[in-house]
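Below is one structure, written out as structure tokens, with a few remarks after it.
In this note's numbering, the protein residues as written are 76 to 577.
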């Protein structure tokens with residue numbers, strides 16, 4: 076099935092989008108997509124040209140942000156999103172660009188697109204009333220087959236890389252969403268993930284293919300009212316981290332909780348978060364695990380965490396998951412090891428990186444190795460117990476920072492927390508970066524944290540304004556460790572200077 080063509084088959088008066096208080100029909104949605112595609116081609120762009128799209132909102136995608144994205148697909152362009160990590164932008168893997176489009180006032184100095192095309196419509200008027208088109212329009216039929224989506228992924232090491240989805244692979248990933256049965260024509264979908272995530276990209280398009288309604292925060296750059304925003308939803312797609320954020324914005328019990336399904340993507344669902352979502356937002360609370368490189372891998376009800384705290388669901392049909400040891404031999408059911416995956420929707424490598432069949436290559440012998448450590452049970456339950464790149468080594472002992480963070484996050488004094496290994500000349504130290512709740516005392520928090528960490532190791536506590544995370548809530552631990560190590564060294568130098576002057 077193509078990407079956008081199914082959207083044009085629905086009743087023109089059916090509601091496709093609810094953006095703030097505005098209702099957009101399928102007829103209007105299709106007309107705005109076509110106008111956007113025609114406008115892009117009228118600027119001198121051709122199918123196959125590479126462009127970077129800069130939405131007004133990275134997390135809460137507006138209607139006009141979506142029209143820019145869908146119009147680029149309709150015109151057959153090769154698209155990346157302007158919110159990609161700086162390392163990716165600097166690598167050259169996604170450039171050069173024929174055009175930068177959208178909110179380009181903050182375009183980095185390193186970007187040198189051939190064309191700069193500001194795009195920021197306002198209000199609810201059809202796009203045809205806000206842009207000028209030539210008298211002679213292009214035939215758009217079939218152009219989307221030339222479209223390509225370039226996506227950033229943390230890959231297996233935490234270092235950002237680029238994955239290329241051509242139209243066939245993109246269509247396959249949309250098929251995978253539809254076949255889950257999560258979305259029906261009666262669904263009112265809310266995704267709390269932006270267009271830089273695969274869930275934030277796939278789920279709304281799959282919903283439109285089916286004929287469902289998608290909730291968007293706003294038409295343009297106006298600020299959303301989150302309480303009104305979430306209320307009509309019957310299906311919410313979010314990451315665990317994003318769900319925690321939205322719980323702060325929308326306090327109390329949400330209306331029609333019993334009519335709403337919540338599905339959390341990209342990470343394990345902590346029992347405390349599950350309890351909060353069930354009590355306030357919706358039921359059931361589902362979870363889904365996947366990768367940009369291979370698609371959706373496992374899904375299921377979040378109650379499965381009672382069987383294993385790292386459970387991410389049952390392995391999906393069409394997906395092969397194996398757990399292997401260091402020599403590549405398959406481990407028995409229920410035993411931990413490195414995860415490897417095969418899928419009908421798998422990429423064959425990273426853009427701009429030569430294929431490597433070495434023992435540490437992420438793509439080798441027809442398998443993708445995501446860098447996860449996991450367990451596969453006989454009935455297909457799949458659990459993630461850590462990441463090969465995230466397990467921290469403290470004086471030879473292997474510790475799970477995720478498990479330590481979950482323990483520490485139960486402290487009411489902490490708003491957010493990150494645990495890393497600090498490797499110093501004097502020895503290894505557990506580094507804890509903490510975002511304190513307003514008015515909380517650092518010394519008192521330190522006393523509470525000490526008994527919650529392994530007693531045989533030293534630890535250093537740092538008060539930080541925020542914990543850096545990507546769109547799915549994952550922490551760049553190497554970056555955090557580097558910054559905290561330098562702060563600890565500065566702290567040690569100050570103490571040494573004070574002792575000398577005493």
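Virtual Cβ for every residue (Gly too), placed ideally from N, Cα, C.
Thinking just about the alpha-carbon of each residue, which of 426, 450, 225 is nearest to the one in residue 409? 450
Give me the Cβ distance between residue 150 and residue 120, rounded to the nearest whole Å; I'm assuming they're in contact under 8 Å. 7 Å between Cβ atoms; contact.
How is residue 355 classed by DSSP in three states: helix, strand or coil? helix
With distances taken from CA atoms, which of 407, 399, 427 is nearest residue 414? 399
Are residue 236 and residue 425 touching if we call contact CB-CB under 9 Å? yes
8 Å contact criterion, which residue 484 and residue 492 should meet: CB distance rounded: 6 Å
Assigned secondary structure, residue 105 (DSSP; H/G/I helix, E/B strand, else coil): helix
Ranges of the beta strand (DSSP E) found wholly within the segment 207-292, counting only runs of at least 3: 223-228, 236-241, 263-266, 288-291
Are the Cβ atoms of residue 389 and residue 375 separated by less than 9 Å? yes
Going by C-alpha distance, which of 422, 95, 407, 172 is nearest residue 247? 422
In chain order, what residues of the same chain have a beta carbon less than 6 Å from the beta carbon of residue 139, not counting five sequence neighbours either side? 196, 295
Terminal residues of the continuous beta strand (DSSP E) containing residue 524? Run containing residue 524: none in the beta strand (DSSP E); it sits in the alpha helix (DSSP H), 517-524.
Near residue 550, what residues of its chain come up, given a Cβ to Cβ distance below 7 Å and the 5 sequence neighbours on each side ignored? So the list reads 493, 542, 543, 544, once near-sequence residues are dropped.
9 Å Cβ cutoff met for residue 113 and residue 212: yes
Boundaries of the beta strand (DSSP E) in which residue 193 is found, first to last residue: 190-193
What are the residues that DSSP puts in a beta bridge with residue 436? Paired residue(s): none; residue 436 is not in a bridge.
Is the beta carbon of residue 340 closer than 9 Å to that of residue 386? no
Does the Cβ-Cβ distance between residue 489 and residue 509 come in under 9 Å? yes
With distances taken Cα to Cα, identify the nearest neighbour of residue 554 among 506, 178, 272, 566. 506
Is the segment 91-107 touching the segment 172-184, taking contact as three or more C-beta pairs under 8 Å? The answer is no - the segment 172-184 does not touch the segment 91-107, with fewer than three Cβ pairs under 8 Å.
Return the first residue and the last residue of the beta strand (DSSP E) that residue 125 is part of. 125-129
Assigned secondary structure, residue 512 (DSSP; H/G/I helix, E/B strand, else coil): coil
Suppose contacts are defined by Cβ-Cβ distances below 9 Å. Is residue 306 in contact with residue 278 by that definition? no
Cα-Cα separation, residue 31 to residue 208: Since the first residue shown for the chain is 76 and the last is 577, residue 31 is missing from the structure and cannot be characterised.
With which residues is residue 155 paired in a DSSP beta bridge? 127
Starting from residue 100, follow the beta strand (DSSP E) in both directions and report where the run begins and ends. Counting along the chain, the beta strand (DSSP E) containing residue 100 begins and ends at 97-100.
For a test of the three-state rule: what should DSSP assign to residue 498, helix, strand or coil? strand
Host alpha helix (DSSP H) of residue 143 (start-end): 138-149
CA-to-CA distance, residue 91 to residue 79, given in whole angstroms: Rounded to the nearest whole angstrom, the CA to CA distance from residue 79 to residue 91 is 13 Å.
Please look up how many angstroms separate the CB atoms of residue 396 and residue 372, rounded, as I've assumed it's under 8 Å. That belief holds up - the Cβ atoms of residue 396 and residue 372 are roughly 7 Å apart, short of 8 Å.
Cutting at 7 Å between CB atoms, please list the residues of its own chain near residue 452, excluding the five before and the five after it. Closer than 7 Å at Cβ, skipping near neighbours: 408, 409.
One question on the structure: do residue 358 and residue 332 come within less than 9 Å of each other, judged by their Cβ atoms? yes
Bounding residues of the beta strand (DSSP E) (the contiguous stretch that carries residue 121): Per DSSP, residue 121 belongs to no beta strand (DSSP E) and is neither H nor E.
Can you list, in chain order, the stretches of the alpha helix (DSSP H) that have 4 or more residues and sit fully within the segment 302-338? 315-324
Do residue 529 and residue 460 have their C-beta atoms closer together than 9 Å? no
From the DSSP output, which residues share a beta bridge with residue 415? 397
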